[in-house]
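Comments concern the structure below.
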């Protein structure tokens, strides 16, 4: 089965990328090697096609109220040009998705937001937003813009210099989690100082038809989903489907370690459940861990305590290209979650010794 | 980059190769296999003295993105293994046919090798 293709598919195929299915999209998994691509982002700069991410716009006099009631963070704090990370939870506080919300310029005096659900989640989120708008008698206009936009991330210590050399307006003064609109190669782009690698950098949002011109103007290492995963793992960032999944691995944002994106003073779906969980204390928590023994932790492997009793489950793991040793994320009973605690990962029946580590693994 | 298939050895469907060297048989994985796996970061091999059985897994190879079993092309006893791979598994990416060899095996029946695919047959399987 062939998945959907981004408008950059042809450019990727031309340079010999290997492809994989991700969220129903046929995406490049690697261009050269994961190690080469990973290192380019840690030491220089790399570009990622993230056009498979969804985009939904929410505009109107009550757009803020609708957003506020459907995401965990305090959207009211966003000024025009700000961006914010948030979770989307159900009434039990279970994460359905995580997202970045951009506050765009006002439309006819009304606030306007664009939020970015994960690949393949745009239709579900469009339905969720529409259903609740109607239920609550609100009037905001909700539009799925996923097909209208291409998205390119440029990440690494030299990312800002590279993008700055191409933009009409300077972008080096752009603060983290803010965005601006300018031109690259005479094409209008929204540039946000955000990313998913633990490095400095930006994400560019452009009209779909213009994405190939922007992609080729950005002369740097192309990076596939393979290195995107090792980079975000080293940075201790969550991946939907691994660290949370409403069906396979139902987790609240508190368990997932993103309490900073939850504002319990605001009134959103899931707030009561999260307040109760906070009061009762977390039974399980996300940890980062490293192994001293040789072996690669993988999602689904059991986490054991130092005496060999099971205390949790790995959600993601790899051989860290930067550190040259095995690292991973997983959930354990909270009383085992302190950094420095000795744990073991059961790899094909063999316990491999390691320790809980504080996140991120790589600053 | 073109895939290298050497005609001085034989292959099996799961992309392991065998080559007779001074009466023993070397085993490794093909250039195609290392390219498909990507960055190799871990390998598990049997001990010297262990028996391997044709068509059965003899070890595990892991790249950053995947875990795969390694399959024995023939039956025999392990007489040597490439210890350098434990520290530098990336040798399998860099040199799958030479420095990246995995095992040397004393075959139960030296004639078994002739039943395996030659380079032409293996290459047509890749097409």
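Residue numbers (the working numbering), protein chains in the order written: chain P, 1 to 363; chain H, 1001 to 1127.
By construction, the Cβ of each residue, glycine as well, lies at the ideal position given by its N, Cα and C atoms.
A quick note: this is a predicted structure, and the numbers were derived from the prediction, not measured.
Proximity to residue i [Cα-Cα], best of the options
i                       : options                        : result
residue 293 of chain P  : P:63, P:345, P:148             : P:345
residue 1053 of chain H : H:1029, H:1072, H:1011, H:1109 : H:1072
residue 60 of chain P   : P:103, P:37, P:24              : P:103
residue 40 of chain P   : P:117, P:321, P:253, P:164     : P:321
residue 220 of chain P  : P:159, P:179, P:302, P:200     : P:159
residue 33 of chain P   : P:348, P:225, P:295            : P:225
residue 63 of chain P   : P:130, P:336, P:343, P:254     : P:130
residue 223 of chain P  : P:248, P:15, P:4               : P:15
residue 311 of chain P  : P:323, P:327, P:341, P:325     : P:341
residue 97 of chain P   : P:126, P:109, P:319, P:76      : P:126
residue 152 of chain P  : P:297, P:113, P:218, P:138     : P:218
residue 260 of chain P  : P:288, P:85, P:355, P:100      : P:85
residue 67 of chain P   : P:52, P:288, P:51, P:88        : P:88
residue 112 of chain P  : P:78, P:90, P:257, P:91        : P:78
residue 257 of chain P  : P:239, P:139, P:82             : P:239
residue 150 of chain P  : P:169, P:52, P:304             : P:52
residue 332 of chain P  : P:264, P:263, P:251, P:347     : P:251
residue 1018 of chain H : H:1119, H:1124, H:1126         : H:1119
Boundaries of the alpha helix (DSSP H) in which residue i is found, first to last residue
i                       : result
residue 161 of chain P  : 159-164
residue 49 of chain P   : No alpha helix (DSSP H) contains residue 49 of chain P, which is instead part of the beta strand (DSSP E) from 46-49.
residue 1122 of chain H : 1119-1126
residue 277 of chain P  : 271-280
residue 1084 of chain H : 1084-1087
residue 1092 of chain H : 1091-1094
residue 10 of chain P   : 9-14
Under 8 Å between C-beta atoms of residue i and residue j
i                       : j                       : result
residue 1069 of chain H : residue 1104 of chain H : no
residue 235 of chain P  : residue 45 of chain P   : no
residue 70 of chain P   : residue 128 of chain P  : yes
residue 1027 of chain H : residue 1102 of chain H : yes
residue 273 of chain P  : residue 24 of chain P   : no
residue 1076 of chain H : residue 1106 of chain H : yes
residue 330 of chain P  : residue 314 of chain P  : yes
residue 266 of chain P  : residue 74 of chain P   : yes
residue 180 of chain P  : residue 171 of chain P  : yes
residue 295 of chain P  : residue 326 of chain P  : yes
residue 184 of chain P  : residue 166 of chain P  : yes
residue 227 of chain P  : residue 26 of chain P   : no
residue 1003 of chain H : residue 1031 of chain H : yes
residue 1096 of chain H : residue 1042 of chain H : no
Residue range of the unbroken beta strand (DSSP E) whose run includes residue i
i                       : result
residue 1103 of chain H : 1103-1107
residue 41 of chain P   : It is not in any beta strand (DSSP E) - residue 41 of chain P instead sits in the alpha helix (DSSP H) that spans 34-43.
residue 401 of chain P  : What the structure shows of chain P is the stretch from 1 to 363, and residue 401 of chain P is not part of that stretch, so it cannot be assessed.
residue 354 of chain P  : 350-357
Beta-carbon neighbours of residue i, restricted to chain A and to distances below 9 Å
i                      : result
residue 142 of chain P : Among the chains of the structure shown, chain A does not appear; the protein chains present are P and H.
Under 9 Å, CB to CB, which of the residues in the region 300-334 of chain P have a partner in chain H?
318, 319, 321, 326
Closer than 7 Å between beta carbons: that is the criterion. Which residues of the region 225-242 of chain P meet it against chain H?
226, 230
Can you give, in chain order, each stretch of the alpha helix (DSSP H) that sits fully within the region 124-203 of chain P and has at least 4 residues?
159-164
Report the residues of the region 1059-1070 of chain H with a CB closer than 9 Å to any CB of chain P, ordered along the chain.
Those would be 1060, 1062, 1063, 1064, 1065, 1067, in chain order.
Give, in chain order, every residue of the region 23-43 of chain P whose Cβ lies closer than 8 Å to some Cβ of chain H.
Result list: 29, 30, 33, 34, 35.
Alpha helix (DSSP H) runs wholly inside the region 1011-1078 of chain H, at least 4 long, in chain order
Positions of the alpha helix (DSSP H) runs, each at least 4 residues long and wholly inside the region 1011-1078 of chain H, are given as 1031-1037 in order along the chain.
Using a beta-carbon distance cut-off of less than 8 Å, what residues from the region 1029-1042 of chain H approach chain P?
1038, 1039, 1041, 1042
Beta strand (DSSP E) segments (min. 3 residues) lying fully within the region 215-269 of chain P
221-223
Only counting runs of 4 or more residues, tell me where the alpha helix (DSSP H) segments fall wholly within the region 58-110 of chain P, in order along the chain.
63-70
Beta carbons nearer than 8 Å to chain H: which residues of the region 271-303 of chain P have them?
Only those residues of the region 271-303 of chain P whose C-beta falls short of 8 Å from the nearest C-beta of chain H are listed: 294, 295, 296, 298.
Inside the region 292-321 of chain P only - beta strand (DSSP E) runs reaching at least 3 residues
302-305, 310-319
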